[in-house]
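Taking the numbering used here, the leading residue of the sequence shown gets 692, the next gets one more, and so forth. Don't be surprised by glycine CBs; every beta carbon is placed ideally from N, CA and C. Structure, as C-alpha cells:
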Amino acid sequence: MDARVAALVRLDDLTVPTVVVAAPAGHGKTHEAVAVAGRVAAILPAGREVLFLAHTNAAVDEAARRAREVSVPMRCRTFDAFTAELVRPYAAALGLPAPLRVGTGGVRFEEVANAAASLLMRSPAIAAATGGHFPLIIADEHQDTRAAHHDVLLGLQRHGGSALRLFGDGMQAIYRFDDAQLVDWDALAAQGESVSLDTPHRWEEVPELGLWLRDLREALRDGREVGWDAAPDCVKLVPVQGRAPHGNSLGMPTYTALRGALNSIPADHTVSLLAWRNKTISIVQRALRSQVVLNEGAAVDVAREALLGVLGVVGSAAAMARVAVDLLARLSVGCNANIRGMLDACLEDDGLNIGRRQSVAHLADVFRPLYERPDLSTWSECLGRLCDAVTAGGAITIHRVEPFHLLAALQVPPDQDPVDAYEAAARSRRRPPARHIASTIHSAKGLAFDHVIVTHAGTADFPDTIDGRRLLYTALTRARRSITILVPDVAPSPLLWRGAPRELARSRPEQMSLL
C-alpha cells in the first residue's frame, strides 16, 4: 500500500486525532469528505453523528446535496450556525445578551465564536458531551477558519474525543472576517498527519484546462508571471475600453462584450458571470436581466441569518418584531432610518404603542398577534402579513422577496430542529439552478460551472498581491470548460497584462510601458 492510500485509509480511523487534507480547487475535497462521512457513519453507535462544518452556506448546501444523493447521514452546518447553537443556552453566563440575537442588529458572529471557545475551555463537561455526540468532525475550506472556531474544534477534541478531518487549500484563502485572526493553514498542513488529493476531477472533459490551471496555481502561489501565452484555446482575454462599471452604468463596451460571450455559449451549458464587488454584480444583472439571474444562494443566506437571529429572542415579542424590521430594511428601498425609528418606538416590551405614529400603523399592526403568542410560528405568519402590508402601502418596495417567502412558509414539526426544518423548506422551494447566473467570487466559492466570465479584471479587483492572486485563482477554477476574462484598457490588473498574449498587448501598448 503506497503512502497516499495509507493516508486516505487513516481518514476513517477515529483513533487518529487529526488529519489535514490539502487539495487544489476541483480535486474532490467535498467528494472525499462525504465518502469519509459515509464510511464512518456506517459504524457509529446509535445516537452519534458525523458533523460537517464550512464557512459559507453554499459549501454547506453542496455537501448536504451530495450526502443526500448517496444516502449519507451527516449533520451540515456553517461554523457560525453551529457556534450560535452551542452558545445560546449559556449566553448570559458568557456575558452576552440573553436571549441571544445573532447577526444583523445583534451580536456579531465573531463574538459568538470567541464565546464558544471560552465556553468549552471553562466547561469541559459541555465540551465532552458535545464532542462525544460527534465522534467525527469534518471541517471544509479550513484555510478560512477563524482562530476561535479552530479553538472550538480543539476543545471538542480534547474533552470529547472528536476526530478532526481538516480539508483546505491555501490558494483559496480569500475570506476576511472583520479582520479576525485566521488559523495558520500552512502550519497546520505541515504538522501531524496529512494527505494530498492530486486528481483534477473537475476537468475530465477538458484536461488541457485542468493542466493549465495547475500551472497557473503554481505561478500565482510563487509570485511569478502568469503564462497567458500558454493558455489553451478555451481561455480568452478580451480587451474592453473604459473603466470599471460605476453608478448604475455597465458601459456599452462591457455590455457588448458580455452579450457576445454569453451568446457564444451553448444553451444547455451553465455559466457564471463573476466579479469581486456586490455592486458590480448588481449592475451586470440589471443590464442583462433577460439573460442572467443573481445567485439564488444569497437570498437563502439572508433568510437563514434572520432565522438564527429570531431563534435567540423567542418569547420576546418586541425583539422578534425588530428582527423582522431589520430584515425589511435590509431587503427593501424606502425603509429609512425615520421609519425604522418610528417602528422601534411602537414596539414596546409589553405591547404595541402606535399613538400618533399613524404613518407606520399599518406596518406595526402586523405584529399584534406576536404579543399574544411570541413563538416562531406566529413570527412566520407576521412576516407574510408584513410583506402584504408593505405592498399595499406603496411607500416601501421590497426588491428581494424570496427571504420573506421562505420564512413566511416555514413550519417546524415539534420533533425537528428549526434550522433543519428551514434547510428542508429551502431545498423544496428552490427553483432548478439557473443556467446563467451573476455572482460575486466569494458567493460562487464551492460551486462549479461549465463556463466562467470574469466581468471586470481591473487592478483594484485583482492587484498583484497574495490576496489578489488567490482571488483570481478561485474565480478561474470555477470553470469546467472555458474561461473568458474582460480586461479594461484603463487600470487593468497587472496579473492579466504581464505575460499576456500579443494581441491583447497590442490593443493597449502604452499600458504595457507602465508595467
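Report back the beta-carbon spacing between residue i and residue j to the nearest angstrom; my notes put them in contact at under 8 Å.
{"i": "W919", "j": "L928", "result": "6 Å"}
{"i": "V640", "j": "G883", "result": "Residue 640 cannot be examined here, being either before or after the span of the chain that is shown, 692 to 1206."}
{"i": "A737", "j": "G859", "result": "Actually they do not touch by this definition, with Cβ atoms about 32 Å apart."}
{"i": "P1094", "j": "V1016", "result": "The pair is not a contact, with the Cβ atoms about 14 Å apart (cut-off 8 Å)."}
{"i": "H718", "j": "D889", "result": "7 Å"}
{"i": "R1126", "j": "M862", "result": "With a Cβ gap of about 28 Å, R1126 and M862 do not count as contacting."}
{"i": "H840", "j": "F770", "result": "5 Å"}
{"i": "I917", "j": "D1180", "result": "The sequence given here has Val at residue 917, not Ile. Between D1180 and V917 the Cβ distance is about 19 Å, and since that is not below 8 Å, they are no contact."}
{"i": "A807", "j": "T774", "result": "4 Å"}
{"i": "S1023", "j": "T1082", "result": "Not quite, the Cβ-Cβ distance comes to about 11 Å (not below 8 Å), so this is no contact."}
{"i": "W876", "j": "Q848", "result": "About 18 Å; that fails the 8 Å criterion."}
Identify the continuous alpha helix (DSSP H) that holds residue i and give its terminal residues.
{"i": "S853", "result": "Taken as a continuous stretch (DSSP letters only), S853 belongs to no alpha helix (DSSP H), as it is neither H nor E."}
{"i": "A772", "result": "F770 to V778"}
{"i": "E1136", "result": "The residue you asked about is not Glu; residue 1136 is Lys in the sequence shown. Neither: K1136 is in no alpha helix (DSSP H) and is coded neither H nor E."}
{"i": "L953", "result": "M943 to N954"}
{"i": "V751", "result": "N748 to E760"}
Just verifying my parser: in three-state terms, what is the DSSP assignment at residue i?
{"i": "G859", "result": "strand"}
{"i": "P1183", "result": "strand"}
{"i": "A713", "result": "strand"}
{"i": "L911", "result": "helix"}
{"i": "D1040", "result": "coil"}
{"i": "V793", "result": "strand"}
{"i": "V1171", "result": "The sequence given here has Arg at residue 1171, not Val. Correct three-state label for R1171: strand."}
{"i": "P826", "result": "coil"}
{"i": "R1193", "result": "For R1193, the predicted model reports a pLDDT of 47, less than 50, meaning its position is unreliable and no value from the coordinates is stated."}
{"i": "V897", "result": "coil"}
{"i": "G1032", "result": "helix"}
{"i": "S1130", "result": "strand"}
{"i": "S814", "result": "coil"}
{"i": "R766", "result": "strand"}
{"i": "A798", "result": "Reading off the sequence, residue 798 comes out as Val, not Ala. It is a strand residue."}
{"i": "G719", "result": "coil"}
{"i": "G786", "result": "coil"}
{"i": "G1025", "result": "coil"}
{"i": "L873", "result": "strand"}
{"i": "I972", "result": "helix"}
{"i": "V1220", "result": "Residue numbering for the chain in the displayed model covers 692 to 1206; residue 1220 lies beyond these limits and cannot be assessed."}
{"i": "G1149", "result": "strand"}
{"i": "I1157", "result": "helix"}
{"i": "V1178", "result": "strand"}
Taking residue i as part of the beta strand (DSSP E), name the residues at either end of that continuous run.
{"i": "V886", "result": "E884 to S887"}
{"i": "I865", "result": "It is not in any beta strand (DSSP E) - I865 carries neither H nor E in the DSSP assignment."}
{"i": "I1144", "result": "F1140 to V1145"}
{"i": "F743", "result": "V741 to A745"}
{"i": "L964", "result": "V962 to A966"}
{"i": "L928", "result": "V926 to V931"}
Could you tell me if the beta carbon of residue i falls within a distance shorter than 7 Å of some heavy atom in the ligand NAP?
{"i": "A754", "result": "The ligand NAP is not part of the structure shown, which contains no ligands of any sort."}
- Message: Restricting to runs no shorter than 4 residues, where is the alpha helix (DSSP H) found entirely within the segment 1046–1120?
- Response: 1052–1055, 1059–1063, 1067–1084, 1093–1099 and 1109–1120
- Message: So, does the segment 1042–1052 touch the segment 1096–1116, judging by three or more C-beta pairs under 8 Å?
- Response: no
- Ranges of the alpha helix (DSSP H) found wholly within the segment 978–1023, counting only runs of at least 4: 988–1002 and 1008–1021
- At least 3 beta-carbon pairs within less than 8 Å: the segment 763–777 vs the segment 740–748: yes
- Message: Using a Cβ distance threshold of 8 Å, determine whether the segment 805–816 contacts the segment 1031–1040, with at least three qualifying pairs required.
- Response: no
- Three or more C-beta pairs closer than 8 Å, one from the segment 1000–1011 and one from the segment 974–982: is that the case here? no
- Query: Would you say the segment 1172–1190 touches the segment 1152–1159, given that touching needs at least three Cβ pairs under 8 Å?
  - Reply: yes
- Indicate whether the contact test is met: 3 or more Cβ pairs, each with one atom in the segment 1059–1075 and one in the segment 956–973, closer than 8 Å. no
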